[in-house]
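Chemist: Protein chains in written order, with my numbering: chain A, 49 to 537; chain B, 595 to 761. Pasting in a structure now, in structure tokens, and then I'll have a few things to ask.
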């Protein structure tokens, strides 16, 4: 089938990014906007904006009947879900199919299988791929706690229906196991409407390495190499890179081939990511498969030269893959920084505010996928990620240098962001040597949030002299008294 | 003219004066002549202090001034000296839990009349998909828990109130 009009059922930076490729391919484009939302970059790119409404802005983006109706109303023949929201919702895919609208992504069966972490693990394990030792509640709920105990500590509790680190708990002592299970269950129920859990042995100092795959649904699957995403806070990635500094060429081929074989086993269609836990001894275990475009997909695009959204649209239109495995290079090094509205010195508390001044970096090897505009508002309605800064260099050292220079020149005034914190991570010697694990940010918290050079006198002078009321008041004091201030010193 | 600024949770006090030819920033540990000139680009200025020039970007918000300097971004809170004199922030601080940002109450662990100890969980809130447990700032007795599970609240809303401490 052909696609002539695409609705992007998402918002923020990813909506803008998908729309750019769709327009470049000559498609008519549309995007959603909640009634309480301001115009973002995506709304300026799309040919058409469809208003949606709901009890909360997030609820509107999760409202399947409303979004399917929107697609029909504007005559869209395909929907791109972006990431998050409905991107991994099998019910959404089924509803679109029924309405005769193409979903840019895998089949609902694949989403169903991979969306259930427990079934996905069982599927992968049964085909001989490595998974970490685990206890699954559903196998026998009555003995779940006991079976978890016998795995040996430390343990990692996860919601069966989870993702994005929500509800995940590390347990190191038996005394806290049951309260942590209760907390994880409550979070699972609230975030995913499903309180079922599973527990696996926690791999100490693990690295998170994932592989980008792409399949045509006809049995052909290629990989676009790995991404390392070990720099995480609260189990959520904030810096990703490719190639991984941990892998030898042989290990790289092995992990990438394993991912492609897993995708082949489900006859995968579209873009997907197979995530692995990589242990310090070089062993790796299947973690989960994400059946969508990832936030961090741009680093893959920077080293391979492929536009992954263009590949997704080709596959959705039945045109197949544009490249064979041998045609997909991994050239140079790329790093992505997630720019978030949060206070890294206060436990990553989300920040809100008005964007009073925005000046994004640009230059050789720099890409910014931004979801914000000068004058925009940052609210608590959505995720705190504002934009992504992606750099490419000839090697890792050059990529790090470019990333530091770019993030230092990323000016966002009016809302607290993590730019300084990201720069501190890039400046850390262990990051430079590649000696990190998913616990790196927690272990190095004090170093990474240490105050830098004291510039408080400069800050006070600038704040005072830019305070128009203060300056006016000072100048209105009769000249004699004004001078007295100076004489006193 | 006196001003109090908040830089990285620390208060700093200064006086701005003008000696007829230039501004002078007076601080407890000395005085610095200073001058701030826009350079054309949005928010771009040159700050001259004590013979040195510093390029910076600056934006004045309703409660804070945001400054990008030497590759780092700073928020300088402007404390109204009148607020400070009235003691509005100091006196009630230990008795109230104020919302650090808007959100929704997930669960409430205590009720009015309960005796609590410092660090004891009072309620769980959720803001931007993150769950946070708020704990008692000191030993005391709960006077008021204005919200129940599912309620939304705004920035700086009172989430818990302890009975005032006896002198």
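Quick reminder that beta carbons are idealized off the backbone N, C-alpha and C, glycines included. This one's a predicted model, so the numbers in the text were calculated from it and none came from an experiment.
Taking contact to mean at least 3 C-beta pairs separated by less than 8 angstroms, is the segment 289 to 309 of chain A in contact with the segment 403 to 411 of chain A?
Modeler: Cβ pair count under 8 angstroms is below three, so no.
Chemist: Check whether chain B comes within 7 angstroms of residue 243(A), counting only Cβ atoms and requiring the distance to be less than that.
Modeler: Chain B, which has no Cβ nearer than 7 angstroms to the Cβ of residue 243(A), makes this no.
Chemist: Throw me the rounded Cβ distance for the residue 73(A) and residue 358(A) pair, which I believe falls under 8 angstroms.
Modeler: At roughly 6 angstroms, the Cβ-Cβ gap stays under 8 angstroms, so residue 73(A) and residue 358(A) are in contact.
Chemist: Could you tell me whether the segment 694 to 714 of chain B touches the segment 652 to 664 of chain B, using the rule of 3 or more Cβ pairs below 8 angstroms?
Modeler: No, because fewer than three Cβ pairs between the segment 694 to 714 of chain B and the segment 652 to 664 of chain B fall closer than 8 angstroms, the two stretches do not touch.
Chemist: Given this structure, state the Cα-to-Cα distance separating residue 203(A) from residue 463(A), to the nearest angstrom.
Modeler: Straight-line Cα distance between these residues: approximately 37 angstroms.
Chemist: Let me make sure I understand the geometry here. Which of 111(A), 165(A) and 121(A) has the alpha-carbon closest to that of residue 141(A)?
Modeler: Comparing Cα positions, the closest option is 111(A).
Chemist: Assuming residue 461(A) and residue 667(B) make a contact with CB atoms under 8 angstroms, what is their CB distance in whole Å?
Modeler: So it is a contact: roughly 7 angstroms between Cβ atoms.
Chemist: Between which two residues does the beta strand (DSSP E) holding residue 436(A) run?
Modeler: From DSSP, the beta strand (DSSP E) with residue 436(A) extends over 433 to 441.
Chemist: Entirely within the segment 143 to 224 of chain A and at least 4 residues each: give me those alpha helix (DSSP H) ranges in chain order.
Modeler: Counting only runs of 4 or more, we get 156 to 163, 165 to 174 and 192 to 199.
Chemist: What residue ranges within the segment 307 to 355 of chain A form continuous beta strand (DSSP E) runs of no fewer than 3 residues, ordered along the chain?
Modeler: Here the runs fully enclosed are 317 to 326 and 332 to 338.
Chemist: Hey, would you say the C-beta of residue 158(A) is under 6 angstroms away from at least one heavy atom of the ligand ADP?
Modeler: With respect to the ligand ADP, the structure shown offers nothing to examine, as it has no ligands at all.
Chemist: Anything in chain A within Cβ reach of residue 669(B), meaning under 8 angstroms, just list it in chain order.
Modeler: By Cβ distance, chain A contributes 464.
Chemist: Within the same chain, show all residues whose beta-carbon is closer than 6 angstroms to that of residue 609(B), passing over the 5 residues directly before and after it, in chain order.
Modeler: Closer than 6 angstroms at Cβ, skipping near neighbours: 596 and 620.
Chemist: Between which two residues does the alpha helix (DSSP H) carrying residue 71(A) extend?
Modeler: From DSSP, the alpha helix (DSSP H) with residue 71(A) extends over 60 to 72.
Chemist: Count the other C-beta atoms from every protein chain shown that fall within 10 angstroms of the C-beta of residue 724(B), then say buried if there are 16 or more, exposed otherwise.
Modeler: Under this definition residue 724(B) is a buried residue.
Chemist: Need the endpoints of the beta strand (DSSP E) that residue 99(A) sits in, please.
Modeler: Per DSSP, residue 99(A) belongs to the beta strand (DSSP E) from 96 to 100.
Chemist: Give me the Cα-Cα distance between residue 627(B) and residue 642(B), rounded to the nearest whole angstrom.
Modeler: Going by the C-alpha atoms only, they are around 8 angstroms apart.
Chemist: Starting from residue 128(A), follow its DSSP beta bridges and name the residues at the other end.
Modeler: BP columns for residue 128(A) point to 56(A).
Chemist: If contact means a Cβ-Cβ distance below 9 angstroms, which residues of the segment 434 to 458 of chain A contact chain B?
Modeler: Answer in chain order: 452, 453, 455, 456, 457 and 458.
Chemist: Thinking C-beta only, is residue 178(A) closer than 7 angstroms to residue 333(A)?
Modeler: Contact flag set, yes.
Chemist: What is the C-beta distance between residue 703(B) and residue 716(B), in whole angstroms, given that I count them as a contact (C-beta under 8 angstroms)?
Modeler: Indeed, because the Cβ distance is near 6 angstroms, the residues count as touching under 8 angstroms.
Chemist: Alpha carbons only, please: which of 468(A), 483(A) and 277(A) is nearest the one belonging to residue 500(A)?
Modeler: Nearest of 468(A), 483(A) and 277(A) to residue 500(A), Cα basis: 468(A).
Chemist: Could you pull the DSSP bridge partners for residue 697(B) from this structure?
Modeler: 747(B).
Chemist: Looking at the unbroken alpha helix (DSSP H) that takes in residue 523(A), where does it start and where does it end?
Modeler: From DSSP, the alpha helix (DSSP H) with residue 523(A) extends over 516 to 524.
Chemist: Given a cut-off of 7 angstroms, decide if residue 166(A) and residue 55(A) are closer than it, judged by their beta-carbon atoms.
Modeler: No; because the gap between Cβ atoms is not below 7 angstroms, this pair is not in contact.
Chemist: Quickly, what does DSSP pair residue 742(B) with across the bridge? List them, please.
Modeler: Beta-bridge pairing links residue 742(B) to no other residue.
Chemist: What separation, rounded to the nearest whole angstrom, lies between the Cα atoms of residue 673(B) and residue 750(B)?
Modeler: Each residue's Cα considered, the two are about 16 angstroms apart.
Chemist: Report buried or exposed for residue 288(A), applying the criterion of at least 16 other Cβ atoms within 10 angstroms of its Cβ.
Modeler: The residue is buried, with at least 16 neighbouring Cβ atoms inside 10 Å.
Chemist: I need the DSSP call for residue 466(A), collapsed to helix, strand or coil.
Modeler: Here residue 466(A) sits in coil by DSSP.
Chemist: Compare the beta carbon distance of residue 205(A) and residue 217(A) with 7 angstroms and say whether it is the shorter of the two.
Modeler: Yes, Cβ-Cβ distance for residue 205(A) and residue 217(A) is below 7 angstroms.
Chemist: Taking DSSP as the reference, what is the three-state secondary structure of residue 402(A)?
Modeler: The answer is strand: DSSP assigns residue 402(A) an E or B state.
Chemist: Between the alpha carbons of residue 598(B) and residue 658(B), how many angstroms are there, rounded?
Modeler: Going from the Cα of residue 598(B) to the Cα of residue 658(B) covers about 11 angstroms.
Chemist: So, residue 90(A) versus residue 79(A), is the Cβ gap smaller than 7 angstroms?
Modeler: Cβ distance < 7 angstroms, so residue 90(A) and residue 79(A) count as in contact.
Chemist: Flag residue 727(B) as yes if its beta-carbon sits less than 7 angstroms from any beta-carbon of chain A, otherwise no.
Modeler: So no, residue 727(B) is outside the interface.
Chemist: So what does DSSP say about residue 476(A), is it helix, strand or coil?
Modeler: If DSSP states are grouped into helix, strand and coil, residue 476(A) belongs with coil.
Chemist: Could you pull out every unbroken alpha helix (DSSP H) segment of at least 4 residues lying fully inside the segment 274 to 307 of chain A, listed in chain order?
Modeler: Taking only runs of at least 4 residues, no alpha helix (DSSP H) segment lies wholly in the segment 274 to 307 of chain A.
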